[in-house]
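Peer 1:
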DNA sequence: GTCCTCATTAACCTTTCGTTAACTCTTCGT
DNA sequence: ACGAAGAGTTAACGAAAGGTTAATGAGGAC
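Protein chains in written order, with our numbering: chain A, 1 to 226; chain B, 227 to 452.
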């Protein structure tokens with residue numbers, strides 16, 4: 001289940017952007033515009049983390065955080081600020097902020113920081129498995145799974161490695177020797193034949209989506225079109 | 227009692243300065259110069275937090291952190307770097323770094339960040355669950371008990387640790403080497419066989435609930451489905 | 001000392017999957 | 001059009017991984 005984030009941000013654009021980005025990253029985001037609304041939301045349900053803008057018209061983030069932590073001492077929180085002032089950062093940290101982001105900031109960094117805070121805070125990290133969408137399939141390299149709407153295949157490790165490699169180099173010609181050197185460490189005749197068997201197996205797996213093709217380029221290698 | 231900090235920093239001046247500053251702020255600081263020394267210290271005693279320089283001659287901080295977190299998954303760590311590169315920061319956070327300081331940095335800020343990390347970490351300690359529901363079983367890690375409606379097994383310490391680890395990582399593939407590094411501290415052949423024996427025993431214990439499965443993934447590890 | 005407990009090692013068996021083999025189809029140079 | 005070589009496909013093989021049970025032995029309790 002997704003982690004719940006309460007985002008307190010008065011800036012319309014940034015707030016919207018943040019919400020969207022966090023949602024892409026599988027967080028459930030509720031967005032409010034000021035401290036009063038934040039309190040109302042917190043009363044209704046539990047959140048996993050609180051993201052606060054420091055600069056807000058009615059009540060600044062610090063004051064709000066101070067009050068909220070009195071009532072909800074265990075909720076992790078993180079400040080976002082436009083000001084690049086040392087005093088502000090220190091003030092936030094002094095209040096016990098779990099972290100601090102200075103605008104303009106990198107959205108990926110924010111996501112990682114949230115994850116790390118939650119990992120420390122909650123016992124169980126429910127990690128969204130890394131996945132790649134290939135046509136109608138969802139490919140989870142770490143779990144060796146190729147999932148289509150109808151069925152689910154368990155790939156072997158080597159099948160998975162090969163599919164990953166093809167995917168990483170999709171859309172252009174991949175040399176046979178490159179695949180062999182990369183996955184077999186030696187590009188001799190027998191390994192080449194072995195690879196052909198794997199290609200054949202992958203093609204069978206992927207045949208459920210006719211838009212996907214592992215096109216072979218005679219004498220050179222393959223072109224993974226997806 | 228003072229919190230124990232293990233500082234891994236090869237730079238003589240910065241290392242000395244940091245140590246002094248942290249000691250002024252009532253931390254107990256042990257300072258080492260490379261990964262090997264760090265490992266030796268960690269084996270001897272528990273630390274509350276690890277501070278790592280990213281740039282070190284023999285082994286960089288990232289590689290070291292990756293290895294150490296396998297063996298000591300709960301220790302909070304924080305990177306220090308001179309490089310002001312976004313990639314570095316992201317790399318560190320991806321590894322699960324609790325925080326990141328960019329040189330030159332403010333020493334007060336570092337102290338606050340350490341305090342906040344510790345506050346977060348200790349919060350977690352309180353949350354160690356007394357019992358976990360796994361299918362029809364109630365698992366009490368502390369009491370080494372696995373209780374089903376019909377019977378009650380007394381697990382050994384290691385069985386319990388393994389079950390905890392599997393449970394914490396349930397639902398996706400857990401690498402053999404990760405389990406071994408975590409519970410056996412060494413991933414050699416014999417420990418691997420030993421682990422297989424434990425897996426077998428856990429399977430026998432858990433067989434009363436057919437919805438639970440420790441699926442093995444050849445060449446990779448296990449997937450605990452429950 | 002003797003008796004337990006429990007992790008490890010050994011021994012034996014089963015299963016898996018990368019490789020090899022065998023046969024076919026396709027491509028391309030002559 | 002023919003032959004050779006590359007590639008596709010399927011089946012079979014066998015080494016290595018893993019499952020299971022029993023034996024071993026180290027360490028603690030009494």
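Note that the Cβ used here is the ideal one computed from N, Cα and C, for glycine as well. All values derive from a computational prediction rather than experimental measurement.
#1: Looking at residue 78/A and residue 49/A, is the spacing between their C-beta atoms short of 8 Å?
#2: Does any residue of chain B have a CB that is nearer than 8 Å to the CB of residue 163/A?
#3: Would residue 155/A pass as a contact of residue 144/A if the rule is Cβ separation under 8 Å?
#4: Output the boundary residues of the alpha helix (DSSP H) element that contains residue 293/B.
#5: Alpha carbon to alpha carbon, how far is residue 344/B from residue 41/A? Give it in angstroms, no decimals.
#6: If you run the structure through DSSP and keep just helix, strand and coil, what is residue 81/A?
#7: Using a Cβ-Cβ cut-off of less than 7 Å, list which residues of the stretch 133–164 of chain A approach chain B; keep chain order.
#8: With burial defined as no fewer than 16 other Cβ atoms inside 10 Å of the residue's Cβ, what is the status of residue 57/A: buried or exposed?
#9: Can you check whether the C-beta of residue 443/B is within less than 8 Å of a C-beta belonging to chain A?
#10: Tell me the residue span of the alpha helix (DSSP H) that contains residue 423/B.
#11: Which whole-angstrom value is the C-beta distance of residue 6/A and residue 30/A, which I expect to be below 8 Å?
#12: On the premise that residue 222/A lies in contact with residue 212/A, defined as a C-beta separation below 8 Å, what is that separation, rounded to the nearest angstrom?
#13: Are the C-beta atoms of residue 277/B and some chain A residue less than 8 Å apart?
#14: Please compile the residues from chain A whose C-beta is within a distance smaller than 9 Å of the C-beta of residue 420/B.
#15: From this set, 34/A, 28/A, 148/A, 193/A, which residue's C-alpha is nearest residue 12/A's C-alpha?
#16: Have a look at 225/A, 177/A, 176/A, 194/A and flag the residue whose alpha-carbon is nearest the alpha-carbon of residue 159/A.
#17: Does the count of Cβ pairs from the stretch 130–142 of chain A and the stretch 164–179 of chain A closer than 8 Å reach three?
#18: Count the other CB atoms within 10 Å of the CB of residue 279/A; is the residue buried (16 or more) or exposed (fewer)?
#19: Taking residue 433/B as the query, report the chain A residues whose CB atoms sit under 9 Å from its CB, ordered along the chain.
#20: Buried or exposed: where does residue 279/B fall if 16 or more other Cβ atoms within 10 Å of its Cβ makes it buried?
#21: Taking the beta carbon of residue 17/A as the centre, do at least 16 other beta carbons fall within 10 Å, making it buried, or is it exposed?
#22: Heavy atom of the ligand NAD less than 7 Å from the Cβ of residue 411/B, yes or no?
#23: I need the DSSP call for residue 34/A, collapsed to helix, strand or coil.
#24: Which residue's Cα is closest to the Cα of residue 20/A: 60/A, 162/A, 110/A, 61/A?
#25: How should residue 176/A be labelled, buried or exposed, when 16 other C-beta atoms within 10 angstroms of its C-beta is the threshold for buried?
#26: Work out the CA separation of residue 377/B and residue 366/B for me, nearest whole Å.
#27: Since residue 157/A contacts residue 397/B with CB under 8 Å, what's their CB separation in whole angstroms?
#28: How far does the alpha helix (DSSP H) with residue 164/A in it reach, from first residue to last?
#29: I think residue 264/B touches residue 306/B, with their Cβ atoms under 8 Å apart; what is that distance to the nearest whole Å?
#30: Determine whether the Cβ of residue 301/B lies closer than 8 Å to any Cβ atom of chain A.
#31: How many angstroms separate the CA atom of residue 201/A from the CA atom of residue 364/B?
#32: For residue 46/A, which of helix, strand or coil comes out of DSSP?
#33: Buried or exposed: residue 173/A, going by 16 or more other Cβ atoms within 10 Å of its Cβ?
#34: Short of 7 Å in beta carbon distance, which residues of its chain neighbour residue 417/B, apart from the five on each side in sequence? Order them along the chain.
#35: What three-state label does DSSP hand residue 126/A in the structure shown?
Peer 2: Reading it off the structure:
#1: Within the first chain, residue 49/A is the residue found at index 49, counting from 1. Within the first chain, residue 78/A is the residue found at index 78, counting from 1. Closer than 8 Å, so yes.
#2: As a first step, residue 163/A is located in the first chain; it is residue number 163 there, counting from the start. Answer no: the Cβ-Cβ gap between residue 163/A and chain B never drops below 8 Å.
#3: The residue you call residue 155/A lines up with position 155 of the first chain. The residue you call residue 144/A lines up with position 144 of the first chain. A contact, by the Cβ cut-off of 8 Å.
#4: On the second chain, position 67 is the one that residue 293/B refers to. Residues 287–297.
#5: Position 41 of the first chain, counted from the start, is the residue given in the question as residue 41/A. Position 118 of the second chain, counted from the start, is the residue given in the question as residue 344/B. Looking at the two C-alpha atoms, the distance is approximately 28 Å.
#6: Translated into positions along the first chain, residue 81/A becomes position 81. DSSP places residue 81/A in strand when its eight states are reduced to three.
#7: 142, 143, 144, 157
#8: The sequence position of residue 57/A within the first chain is 57, counting from 1. That one is exposed.
#9: Taking the second chain and counting its residues from 1, one reaches residue 443/B at position 217. Interface residue, yes.
#10: In the second chain, counting from the first residue as 1, residue 423/B sits at position 197. Per DSSP, residue 423/B belongs to the alpha helix (DSSP H) from 415–432.
#11: As a working note, residue 6/A is residue 6 in the first chain. As a working note, residue 30/A is residue 30 in the first chain. Confirmed, Cβ separation roughly 5 Å.
#12: Taking the first chain and counting its residues from 1, the one referred to as residue 212/A is at position 212. Taking the first chain and counting its residues from 1, the one referred to as residue 222/A is at position 222. Contact flag wrong, Cβ pair sits at about 13 Å.
#13: Working through the second chain from its first residue, we reach residue 277/B at position 51. Chain A contact via Cβ: absent.
#14: Taking the second chain and counting its residues from 1, one reaches residue 420/B at position 194. Near residue 420/B there are no residues of chain A at all, since even the closest Cβ is about 23 Å away, more than 9 Å.
#15: Counting from one through the first chain, the residue named residue 12/A turns up at place 12. Looking from the CA of residue 12/A, the closest CA among 34/A, 28/A, 148/A, 193/A belongs to 34/A.
#16: Locating residue 159/A in the first chain gives position 159, where the first residue counts as 1. For residue 159/A, the nearest C-alpha among the options comes from 194/A.
#17: Counting C-beta pairs with one atom in each stretch, the stretch 130–142 of chain A and the stretch 164–179 of chain A have three or more that are closer than 8 Å, which means they touch.
#18: With chain A running from 1 to 226 in the structure shown, residue 279/A is simply not present.
#19: Within the second chain, numbered from 1, the residue matching residue 433/B stands at position 207. Neighbours of residue 433/B on chain A: none; closest Cβ ~22 Å, over 9 Å.
#20: Here residue 279/B corresponds to residue number 53 of the second chain, with the count starting at 1. Flag for residue 279/B reads buried.
#21: On the first chain, residue 17/A is found 17 positions in, with the first residue counted as 1. By the neighbour-count rule (16 or more Cβ atoms within 10 Å), residue 17/A is not buried but exposed.
#22: The ligand NAD is not part of the structure shown, which contains no ligands of any sort.
#23: As a working note, residue 34/A is residue 34 in the first chain. Residue 34/A falls in the coil class under three-state DSSP.
#24: For this step, residue 20/A is matched to residue 20 along the first chain. Per the Cα distances, 110/A.
#25: Translated into the one-based positions of the first chain, residue 176/A becomes position 176. Residue 176/A should be labelled buried.
#26: Start at 1 with the first residue of the second chain, and residue 366/B comes out as number 140. Start at 1 with the first residue of the second chain, and residue 377/B comes out as number 151. Taking the straight line joining both Cα atoms gives about 14 Å.
#27: For the purposes of this step, residue 157/A is taken as residue 157 along the first chain, with counting starting at 1. For the purposes of this step, residue 397/B is taken as residue 171 along the second chain, with counting starting at 1. About 19 Å separates the two Cβ atoms, so there is no contact after all.
#28: For the purposes of this step, residue 164/A is taken as residue 164 along the first chain, with counting starting at 1. Here the alpha helix (DSSP H) through residue 164/A covers 157–168.
#29: Your numbering for residue 264/B matches position 38 in the second chain. Your numbering for residue 306/B matches position 80 in the second chain. About 14 Å separates the beta carbon of residue 264/B from that of residue 306/B, a gap too long to meet the 8 Å contact definition.
#30: Counted from its first residue, the second chain places residue 301/B at position 75. Chain A, which has no Cβ nearer than 8 Å to the Cβ of residue 301/B, makes this no.
#31: What you label residue 201/A is simply residue 201 of the first chain in a count that begins at 1. What you label residue 364/B is simply residue 138 of the second chain in a count that begins at 1. Each residue's alpha carbon lies about 42 Å from the other.
#32: Here residue 46/A refers to the residue found at position 46 of the first chain. Correct three-state label for residue 46/A: coil.
#33: In the first chain, counting from the first residue as 1, residue 173/A sits at position 173. Label assigned to residue 173/A: exposed.
#34: Looking up residue 417/B in the second chain gives position 191. The answer, listed in chain order, is 406, 410.
#35: Here residue 126/A refers to the residue found at position 126 of the first chain. At residue 126/A, the pLDDT of 46 sits below 50, so the modelled position is not reliable; the number obtained from the coordinates is stated separately. Note: residue 126/A maps to coil in three-state DSSP.
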